[in-house]
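Trainee:
2 protein chains.
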Amino acid sequence: MLRFVVFAVVLLGVCGCANADAAPVAELTSPDGRIRVSVEAGEAGAFYRVDFRGEPLVARSRLGLMFKAVYGFDRNLEIAEVETAERDTTWEQPWGERRTVRDHHREMAVTLRATEGPKRSLIVRFRAFDDGIGFRYELGEQSGIDAVEIIDELTEFALPQDYQSWSIPARGWNRYEYLYDTGPSSDVHSAHTPITFKAPSGAHLSIHEAALVNYAGMSLIQKRPNTFKAHLAPWSDGVLVRTKAPFVTPWRTLQIGDAATDLLNSSLILNLNEPNALGDVSWVEPGKYVGIWWAMHIRDRSWGNDTIHGATTSETIRYMDFAAKYGFKGVLVEGWNIGWDGDWYNNGALFDFTRPYDDFDIAAIAAHGRKVGVRLIGHHETSGDVSNYEAQLEDALDFYATHDVAQIKTGYVADGGRIERIDDHGIRKYEWHDGQFMVDHHLRVVTEAAKRQISINPHEPVKDTGLRRTYPNWIAREGARGSEYDAWGIPPNPPEHTAILPYTRMLSGPMDYTPGIFDLRPNERPPLRADMPRNDPRSRLETTLAKQLALYVVLYSPIQMVADLPENYEARPEAFQFIVDVPTDWEESIAVAGEIGDYVAFARKERGGDDWYLGALTDEDARSLTLDLDFLDGGQNYEAQIYRDGEGAHFDTNPYPLVVETRLVRQGDALTLDLAPGGGTAIRFKAVSVLPAVAGK
Amino acid sequence: MLRFVVFAVVLLGVCGCANADAAPVAELTSPDGRIRVSVEAGEAGAFYRVDFRGEPLVARSRLGLMFKAVYGFDRNLEIAEVETAERDTTWEQPWGERRTVRDHHREMAVTLRATEGPKRSLIVRFRAFDDGIGFRYELGEQSGIDAVEIIDELTEFALPQDYQSWSIPARGWNRYEYLYDTGPSSDVHSAHTPITFKAPSGAHLSIHEAALVNYAGMSLIQKRPNTFKAHLAPWSDGVLVRTKAPFVTPWRTLQIGDAATDLLNSSLILNLNEPNALGDVSWVEPGKYVGIWWAMHIRDRSWGNDTIHGATTSETIRYMDFAAKYGFKGVLVEGWNIGWDGDWYNNGALFDFTRPYDDFDIAAIAAHGRKVGVRLIGHHETSGDVSNYEAQLEDALDFYATHDVAQIKTGYVADGGRIERIDDHGIRKYEWHDGQFMVDHHLRVVTEAAKRQISINPHEPVKDTGLRRTYPNWIAREGARGSEYDAWGIPPNPPEHTAILPYTRMLSGPMDYTPGIFDLRPNERPPLRADMPRNDPRSRLETTLAKQLALYVVLYSPIQMVADLPENYEARPEAFQFIVDVPTDWEESIAVAGEIGDYVAFARKERGGDDWYLGALTDEDARSLTLDLDFLDGGQNYEAQIYRDGEGAHFDTNPYPLVVETRLVRQGDALTLDLAPGGGTAIRFKAVSVLPAVAGK
């Protein structure tokens, strides 16, 4: 619904120059006035700054672009024109953390004109929301500029002082799969986005980007102390982006809030993305799934076609029956196709995406799936050989579509910077997972999949920048250290990891974290065979059992894996019930409490129902949280089905004690959650009718 | 003198394959057999490893090169041919740490042939010395390959485990001017070379390069834990190196030794450089110099032409007279030319290298210099605007030559990656201080200067790779944190800095460290004028007075600055005597004791004389060193003039106590040096004749 729109074209000199400085300044404030962006330009170049609550949040920071063979926008610039607008609309997501999203922003499009060299101009468009700002570059049509090769983006983010920071290093061999570094911002050498900060004033800030298309992914590199510069992932030959005028860059985003939970309740990234381009997407189905996957990570099965091959017809049917029994929608099967023998992570060229192994009868599996109402979930591991994958892509998608597959997990297991492609000369080149080549590749896969009504969940992906709004079949992705690291990682994910992810990785979009492991010490079991020892027992789940349940509410994804082996669930039916019940699609979501790296609590209302759910978790410290249940609907009783850490529970020494209890609650009640070290609480608030005689707390 | 030369061409299969592995292996050992290099090639690519004392020192590490539009050398390679040789020669330096250098090595040229794609081959030439190895790539003439753009060098240095490491980060804003990080090698994210390691076995290793011409400088980046990859400084458009076949790359060098001092006594880098190309270089004069320089850093004077301009005719003459009085050869004057007003570090385009300020009468200064036997030392600060400098270079050199200038200090003050050049389209581009553009630029300056019999000393330079052998007028350079950081750096150089430099930066070549400050607390003085406050008093010299003297022997340079204000020297004549005496050119140099980061002691014999000198220094810990004076010449008496820390001396609380004493010593005597915290000892061993009646210890 469009509330009102105001357009104003402001000429230089009448631009709202509140600053007494000689350099002309263009300013923009958020609708509530608490965030202000100021832009200036002159001989030294163009700069912006951001103030929040009347204080500097981001200090004077450079803007600009440089090209290889065309004059760029570096120094000697002036503000030629400023155009403003205000928009207040709402829109609906076909699936998501919430159904309805409000987009209320003020916009300022600043035209920078060069005062040296050939006549040229560049627009920097800013949008200010109450929960942050975004800005992007727009190079319009202009004489002399057609095809361009971008060799530098000059964007900086200069912090006025040390902020506490949470980040992962960029351009490392392990892509995004690092534990978060916590410490002063001046210690951050390089970082992927989202990168999150807390200022001494208590203000929170997270830097990221939105709508990454036709461009290279941006990481940050610290230039001068506390000045971070955009560092785009280059092509193999060193050029950053190949494009042509007119073009727009992704939005550089700064999510801003008073409290840590303000970051979690922001829809800024989605609001800066283009609307749905796919039309009817009713075929995109959120849901829970199981998989022949964890068994390989904990060395019960193998990917390759040997005597303990995981991907067999009978195993898949067994998992399908288990899924059907509990209402889960799909079964992921890895290791089904030719190419997995030996060290498959070096075998990229050998993968065949239309030829299963002999022991995987895909037609029979699809038939059984139709019978029990469970789909096969596809798997396309590339080991980074993207040329091989792209050559087979259309046939591979058609093949799966033939067998009722509606969702595919893709994979790009390869060191950072080692994605292989064969160029036009036939020469092998190596690219970055977040370079322009892969940005384009992922969109190619998503759009081709959409033609077959298939959703895509890439692992080892490019980071999420909100494109699920434009392509709602881009259903989830990995792009951080997930639970597989608990199977073999040294160290495994420590307790604080899932208390940091919501404030960093999860700001970018859903994550296929693959939670819900019930055997928390899988490597302490004796090996199944002498020549296949277990992983190091230091690899384990550093959570309590209750926290595994809480993850389903805390780490949002429209597709959630029920990741453990079926037998481990059936051994703990009282805990499993929560997973059986918890939805994956929501009417509304509210982060109700939390601090970065310490704890978090989310409340979410199921879509198409009346129930609410809550998930809370803590790091290695025990915590007692008293929450007001003011998110519940008024005039409604709820039976709170509480799954909490039992007496003496501790992630390290005693992770299993779990208490399941119920209470009647109403909106406005207070509830105290006692979280064990590395623990959590999961609650289903089941809407109930209660006869007066039985009412009570 | 050529001892013997053996050539052998060895065909594949008869190549000394000592390894039982299927992949053919080429092996090379050092003359003493203690270092072994093994090379293999196959489907995965080409690899080398280095063993020392029978144990792995560098594990299996990748080799290779990749080009933009031409097939490179990555995977699918085989060893086609191996050619070996052994050489044992000596050669003379016109100036240096020693006169005579022995070059005894065994060489192996391995021809790698591609087994995929177009017919092509690449030679990897290895040389093994007793003090380490070097290897380089050589692409010969071959069809289909002419002009090439190198987009990746695949060279790796894989350590078999964590080594203790000393390094500075690469690609930072402050170029090479960082304090050294000490810690496990797996913590090193990126590093410039030299980078130095100590293995758990006690073996020492330093990685660097030799003969950096027609190529980009190599820094290292840690790919997988403890695997370091070559990271060449790219051109602004992302290409690493532009060259044409046939070409050779710089030598990648691994200096190896049992003890830390073995690294200091190595001539590996020089031995891998080409012989002198300039012919008669008797006009290159080592010596000591003073300068109108420190006064600006401690805020007594200014570079710009204001009321306290340092670079005036009268000041220069005053410094010339001071130099003449004590036998120093030159006076450096900074701030003499148009362009220094305001923030000169952003003023690159304004510098004029042939127009002095009005108060600098260069002709009068040159005349006075001729009278007193002291030359003006030139100064060309560019502030990174290299196009401006190159446009004026020849005129600037001619201008200086006209005024008897025989030595120029050049400067490139600009953030890392912000060297400015105007490209062929007239577009401003930014380059790295160690990219191919600057490698070429420095050589241009050195060769143009040689035509005018001028020597060059660049500050903010490209790192030293031994090219002083080929161009003996490339007399010194900065390229690390020098004593100027004690004037205004926060922190200043800590005591351990000069105990690390010898084992890192100094392995690459001489450094213009500019030592010899006698007022160790310059910022505790009251300001000269109210509007020019002193720097933060935390900036100070964190050494004792004796250590300042020791630096003249410890940190080798053919040109040593006598850096402090004349009045501070004349206030301490007993200490100053050592600086007056100490030479800057040597017949021989021997590192006699030391451990990285802790302490070091060098003994050097003056060239053209009989005296020896010794310099020893320590970090923040006091140390007692007992040294055998076995380096002294036999059959000779020496009066040891010892300048040592006095009772209670301490770099932090009591830096000035100095004792000057003499003793008679002979070869083989032992001498115990007591070094205070942050202290040192400097000794002149004056060769004397002693009549029997007076002989004694």
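Heads up: the protein sequence lines correspond to chains B and W, in order. All residue numbers for the first sequence refer to our numbering, where the first residue is 1 and numbers rise by one. All residue numbers for the second sequence refer to our numbering, where the first residue is 698 and numbers rise by one. Cβ coordinates follow ideal geometry from the N, Cα and C atoms, glycine included.
1) Can you tell me the Cα-Cα spacing of residue 21 of chain B and residue 241 of chain B, whole angstroms?
2) Which whole-angstrom value describes the C-beta separation of residue 971 of chain W and residue 797 of chain W, a residue pair presumed to lie in contact below a C-beta threshold of 8 Å?
3) Taking the C-alpha atoms as reference points, what is the distance between residue 495 of chain B and residue 544 of chain B?
4) Could you name the residues of chain W that residue 425 of chain B contacts, counting a contact when the two beta carbons are closer than 9 Å?
5) State the CB to CB distance for the pair residue 68 of chain B and residue 934 of chain W, rounded to an integer number of angstroms; the pair is presumed to be in contact (CB under 8 Å).
6) Would residue 331 of chain B pass as a contact of residue 375 of chain B if the rule is Cβ separation under 9 Å?
7) Would you kindly work out how many angstroms separate the C-alpha atoms of residue 669 of chain B and residue 589 of chain B, rounded to a whole number?
8) Counting only C-beta atoms, is residue 1383 of chain W closer than 9 Å to chain B at any point?
9) Between which two residues does the beta strand (DSSP E) harbouring residue 221 of chain B extend?
10) Would you verify that the beta carbon of residue 881 of chain W is, or is not, closer than 9 Å to some beta carbon of chain B?
11) By the three-class DSSP mapping on this structure, what secondary structure does residue 1266 of chain W have?
12) On the CB-based measure, 16 or more other CB atoms within 10 Å of its CB, does residue 425 of chain B come out buried or exposed?
13) Between B:292, B:655 and B:76, which lies nearest to residue 743 of chain B when the distance is taken from Cα to Cα?
14) Taking 9 Å as the CB-CB limit, is residue 772 of chain W close to chain B?
15) Can you list the residues of chain B that residue 761 of chain W reaches, using a CB-CB cut of under 9 Å?
16) Within a Cβ cutoff of 6 Å, which residues of the same chain sit near residue 538 of chain B, ignoring the five residues on either side of it in sequence?
17) In the region 923 to 953 of chain W, which residues sit with their C-beta less than 9 Å from some C-beta in chain B, listed in chain order?
18) Name the residues in the region 172 to 206 of chain B whose C-beta lies less than 9 Å from a C-beta of chain W; which are they?
19) Could you check which residue in W:1311, W:1317 and W:1275 has the C-alpha nearest to that of residue 1325 of chain W?
20) Under a CB-based cut-off of 9 Å, is residue 430 of chain B close to chain W?
21) Taking the beta carbon of residue 549 of chain B as the centre, do at least 16 other beta carbons fall within 10 Å, making it buried, or is it exposed?
22) Exposed or buried, residue 551 of chain B, counting other C-beta atoms within 10 Å across all chains shown (16 or more means buried)?
23) Output the residue ranges of the beta strand (DSSP E) runs that lie fully inside the region 1304 to 1351 of chain W and measure 3 residues or longer, sorted by chain position.
24) Would you say the region 871 to 891 of chain W touches the region 198 to 210 of chain B, given that touching needs at least three Cβ pairs under 8 Å?
25) Residues bridged to residue 1240 of chain W by DSSP?
26) Residues in its own chain within less than 6 Å of residue 1181 of chain W by CB, not counting five upstream and five downstream?
27) Could you give the first and the last residue of the continuous alpha helix (DSSP H) run that contains residue 1286 of chain W?
28) So which of B:510, B:586 and B:417 has the shortest CA-CA distance to residue 557 of chain B?
29) Alpha carbon to alpha carbon, what distance is there between residue 1321 of chain W and residue 1376 of chain W?
30) In chain B, which residues lie with their C-beta within 8 Å of the C-beta of residue 921 of chain W?
31) In chain order, what residues of the region 487 to 512 of chain B put their CB closer than 9 Å to some CB of chain W?
32) Give the secondary structure of residue 142 of chain B by DSSP, where H, G and I count as helix, E and B as strand, and everything else as coil.
33) Below 8 Å on the Cβ atoms is my guess for residue 106 of chain B versus residue 31 of chain B; work out the distance and round it to an integer in Å.
34) For the region 830 to 857 of chain W, which residues have a CB atom closer than 9 Å to at least one CB atom of chain B, in sequence order?
35) Per DSSP, residue 75 of chain B is paired with what?
Mentor: With the structure as the only source:
1) Confidence at residue 21 of chain B is low in this model, with a pLDDT of 45, below 50, so the placement of that residue should be treated as unreliable; the coordinate-derived value is given next. Approximately 36 Å, taken between the alpha carbons.
2) Actually they do not touch by this definition, with Cβ atoms about 18 Å apart.
3) 9 Å
4) 766, 767 and 768
5) 5 Å
6) yes
7) 19 Å
8) no
9) 218 to 222
10) no
11) helix
12) exposed
13) Past the boundaries of the shown model lies residue 743 of chain B; chain B is included only from 1 to 697, so the question cannot be answered.
14) yes
15) Those within 9 Å of residue 761 of chain W in chain B number zero; the least Cβ separation is about 11 Å.
16) 490
17) 924, 931, 932, 933, 934, 935, 936 and 937
18) 172, 173, 174, 189 and 190
19) W:1311
20) yes
21) buried
22) buried
23) 1309 to 1315, 1320 to 1325 and 1334 to 1342
24) no
25) Beta-bridge pairing links residue 1240 of chain W to no other residue.
26) 994
27) Run containing residue 1286 of chain W: none in the alpha helix (DSSP H); it sits in the beta strand (DSSP E), 1283 to 1292.
28) B:510
29) 11 Å
30) 173 and 415
31) none
32) strand
33) 6 Å
34) 846, 848 and 849
35) Beta-bridge pairing links residue 75 of chain B to no other residue.
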